[in-house]
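See below for the structure under consideration.
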Amino acid sequence: MNFLPIATTIVDYLQDSIGLTNGLAMVLAAVIHGSLLVGIFMGTPVVWIWGERKIAGRIQDRLGPTRVGGRFGWLQSVADGIKLIQKEDLVPPAADSMLYRMAPYMVCVAAFGTMMVLPFGDTWVAVASDIGLYVLVAVLSLEVIGIILAGYSSGSKWSLFGGMREAAQMVSYEIPLALCALIPVTVAGSLNLVEITQLQSGWANNWLIFHDPFVLITFFVYFTVATASCKRAPFDLAEAESELVGGFHTEYSGMRWSFFFMGEYAAMFVVCAVATILFLGGWNSGIAPLDNALLEMKALSADGSFQPMTYLANAIGMGILISKSWALVFVQVWVRWTLPRLRIDQVMITCLKYLIPMSCFLFLGTIVWPLAMYKMTGGEKTSIMAPKADRWAKPVLSAPAEDVETSQLILPNSTPVDEGEVADVDRKFAGGTR
Amino acid sequence: MTYEKILFFIFAMSACGGAIGVVLAQRVARMAFWLIISLGSVAGLYFMLHADFVAATQIIIYVGGTLVLLIFGIMLTASGPHVKIQTSPGELVMGAAVGLALLFLIQGTVRSVDWKKAAMVTSGGEFQPGEGQGYNPSGQGNTIRPLGMALLGLRPDKDLGAPEEAGLSSGYLFPFEIVSIHLLVVLVGASYLARAKQRTRPTV
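First to last, the sequence lines map onto chains A and B. Each step along the first sequence adds one to the number in this note's numbering, with nothing skipped, and position 157 is 160. Each step along the second sequence adds one to the number in this note's numbering, with nothing skipped, and position 83 is 480.
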């Protein structure tokens, strides 16, 4: 029974060790996976709302929260949450009540849905999709609908203006975001986030950011665009307190208001985790001996059995991934409290006149780079930075036409197709038309 | 009742419920919301069929693209706060008639197929879900590589194992390029129209 994209280990454990029936084991495993992701989804805002207030305080030469939970005020987010739950759930009389109530959930669902395909380790991923990045970008783009609906349904001019600006900004910034995410994908030759990370094991010079100068610039462009697409300062004019009284969430209060921020902080974490996976080696530490040790620990359970060491290795990998992502979130917070806000026309000009052409140029450069390297080194390598040639997809350039087998031509980095697979592929795709 | 069936019923019911909501809703923005539910549930059904690519495309194009455009349209053209559409009884009857006719057509088509046999043919003689080529052994994502190949003009699914003299089959490179150029022309045209409008409009 291989139906739902649930990693099989928990299911096997529930089925074989505890003796549940297949259906019940699958449902329970799905609940466990979902709860873990909800934990990450809710935990990130709790940590980072406190973190943001603390960092903002330090940047502005004050202390930030100090009272709740001891010296560092680390219970501040929890106190905020309790306060927000107690507040009255207001719906303005002019609002379209159903849409007004649903909009915050849509923002949250979009941000949470992306975590479905976000890997935290080789096997620690809820849905290991072959097109993980594409699914992630698709689901992340749903966030804008919730924001437009929130702005529209509030029945307030401030909200409508904020919603329109936000929508224009987010829709525009999706284009360079997708283009920049595509650049490491062309280098890695895969949309599968797990495969992209596995390519980057070894020393830190295997990370895709060091693959060529174009990818290096792309990382910074991606990070700028990601900050803007999370509607973070300096690109947060659409909800500027001093101008639009809060933008699309002017009319919201209490829990519904906090859902927008949960979505925002979760989206910040997700785009930073994607940046980590695409450019900064994901759960690889960048230290080859450590990574190899972790890989060996992971290989213990290659036969499908449960090994505590594998679990530990995955947990360490997840810790590395989250640390890197949080470092990037810290930069976003830092930027917010350092740079002044851009005007809305400046926000749009930055995107349409600078970031989109830049990402197009970088995309072209990254595509041409391996070919140029191939020519310059006399056909020896396609990159200066990748010592493990077998990890990288080499273009098939010099082989005579009659020697090129179909399988090599189409999948230069995969194993040659054997007879059984050929028959399988043939049966599956051609069978229906016979 | 297996959990696939339960999931299928959840997605199918929310797809149908969303569609009914679109028909019954009076306010245009609410229709757009119900359409999101309906199209999103259809994407869920595609995910259940292991067609990740089609599902993600459904989300990015219909839900994330077309519907955003629709809501933009409502917001920019609305004269009042919440635009309503009043349906006259004649239109209701006409719509119901067209819908029922379509239902009969689809029902006839679905009934004319021997699904057991079709499942046997596509799974190679045995009724079971096939193994995919993806990273996950449970066979998701097995549509993306063949789709990408076909759009680049390669059909490994047809050519591998086929006799040599048959030659290579053509993929969809040409339609793909045509569509790309078409979209480029549309983009250039749209930006031209937008510019022309801005010049004649008095400054606000």
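C-beta: ideal position from N, C-alpha, C; glycine also.
Which residue from A:Phe264, A:Val228, A:Ile323 and A:Val197 puts its Cα closest to that of A:Val50?
A:Phe264
Confirm, please, whether the CB-CB distance from A:Met300 to A:Thr313 is below 8 Å.
yes
Please report how far the alpha carbon of A:Pro292 lies from the alpha carbon of A:Leu298, in whole angstroms.
10 Å
Only counting the same chain, and skipping five residues up and downstream in sequence, which positions put a Cβ closer than 8 Å to that of B:Val420?
Gly492
Would you kindly check if the distance between the Cβ of B:Ala409 and the Cβ of B:Leu432 is under 8 Å?
no
Would you check if there are 3 or more beta carbon pairs closer than 8 Å linking the region 260-275 of chain A to the region 31-50 of chain A?
yes
Straight-line gap, A:Leu281 to B:Pro543 (C-alpha atoms, nearest Å):
24 Å
Run through chain B and tell me which residues come within less than 7 Å of A:Met118, C-beta to C-beta.
Within 7 Å Cβ-Cβ: nothing; A:Met118 doesn't reach chain B, min ~15 Å.
Comparing the C-beta of B:His579 with each C-beta of chain A, is any distance below 8 Å?
no
Please state whether DSSP places A:Lys90 in a helix, a strand or coil.
coil
Just to check my reading of the structure: A:Pro179 and A:Val140 have Cβ atoms closer than 8 Å, yes? What is that Cβ distance to the nearest angstrom?
Rounded, the Cβ-Cβ distance is 12 Å, inconsistent with contact.
DSSP three-state call for B:Arg552: helix, strand or coil?
coil
May I ask whether a heavy atom of the ligand NAD can be found less than 7 Å away from the beta carbon of A:Thr69?
For the ligand NAD, the structure offers nothing, since it holds no ligand at all.
Could you check whether the Cβ of A:Val274 sits closer than 8 Å to any Cβ belonging to chain B?
no
Can you check whether the C-beta of B:Val465 is within less than 8 Å of a C-beta belonging to chain A?
yes
Give the DSSP-derived three-state secondary structure of A:Lys234 in the structure shown.
coil
For the alpha helix (DSSP H) holding A:Thr279, just list the boundary residues, first then last.
Gly257 to Phe282
Express the C-alpha separation of A:Ala114 and A:Thr126 in angstroms, rounding to a whole number.
22 Å
Beta-carbon neighbours of A:Tyr439, restricted to chain B and to distances below 9 Å
Here chain A covers residues 4 to 437 and nothing more, so residue 439 of chain A does not appear.
Going straight from the alpha carbon of A:Pro343 to that of A:Pro237, what length do you get?
6 Å
In three-state terms, what does DSSP make of A:Arg344?
coil
Beta-carbon proximity list for A:Gly266, same chain, < 6 Å, skipping 5 on both sides:
Val110, Cys111 and Ala114
Within a Cβ cutoff of 8 Å, which residues of the same chain sit near A:Ser328, ignoring the five residues on either side of it in sequence?
Phe272, Cys275, Ala276, Ala278 and Thr279
Does the region 167-177 of chain A come close enough to the region 564-579 of chain B that 3 or more CB-CB pairs lie under 8 Å?
no
If you reduce the DSSP assignment to three classes, tell me which class A:Arg70 lands in.
coil
Taking Cβ-Cβ distances below 7 Å as the criterion, which residues of the region 141-155 of chain A are in contact with chain B?
Ala141, Val142, Ser144, Leu145, Val147, Ile148, Ile151, Leu152 and Tyr155
Segment contact, 8 Å Cβ cut-off, at least three pairs: the region 93-105 of chain A with the region 151-159 of chain A
yes
Skipping 5 residues on each side, what residues in its chain have a beta carbon closer than 7 Å to that of B:Ser411?
Ile434 and Ser438
Closer than 8 Å, CB to CB, is A:Gly26 near chain B or not?
yes
Please return the same chain residues whose Cβ sits closer than 8 Å to the Cβ of A:Leu324, not counting the five positions on each side in sequence.
Phe123, Gly124, Ala276, Thr279, Ile280, Gly285 and Trp286
Determine the DSSP secondary structure at A:Arg65, reduced to helix, strand or coil.
coil
Our contact map puts A:Asp92 next to A:Met361 with C-beta atoms below 8 Å; I'd like the distance itself, whole angstroms only.
Between A:Met361 and A:Asp92 the Cβ distance is about 44 Å, and since that is not below 8 Å, they are no contact.
Taking Cβ to Cβ, would you say A:Cys354 is nearer than 8 Å to A:Ser204?
no
In chain A, what lies closer than 9 Å to B:Cys460 by C-beta?
First, the residue type needs correcting, since residue 460 of chain B is Val and not Cys in the sequence shown. Per Cβ cutoff of 9 Å: Ala141, Ser144, Leu145 and Ile148.
8 Å is my cut-off, CB to CB: does B:Arg424 come that close to chain A?
yes
Is the shortest distance between the beta-carbon of A:Asp215 and the beta-carbons of chain B less than 8 Å?
no
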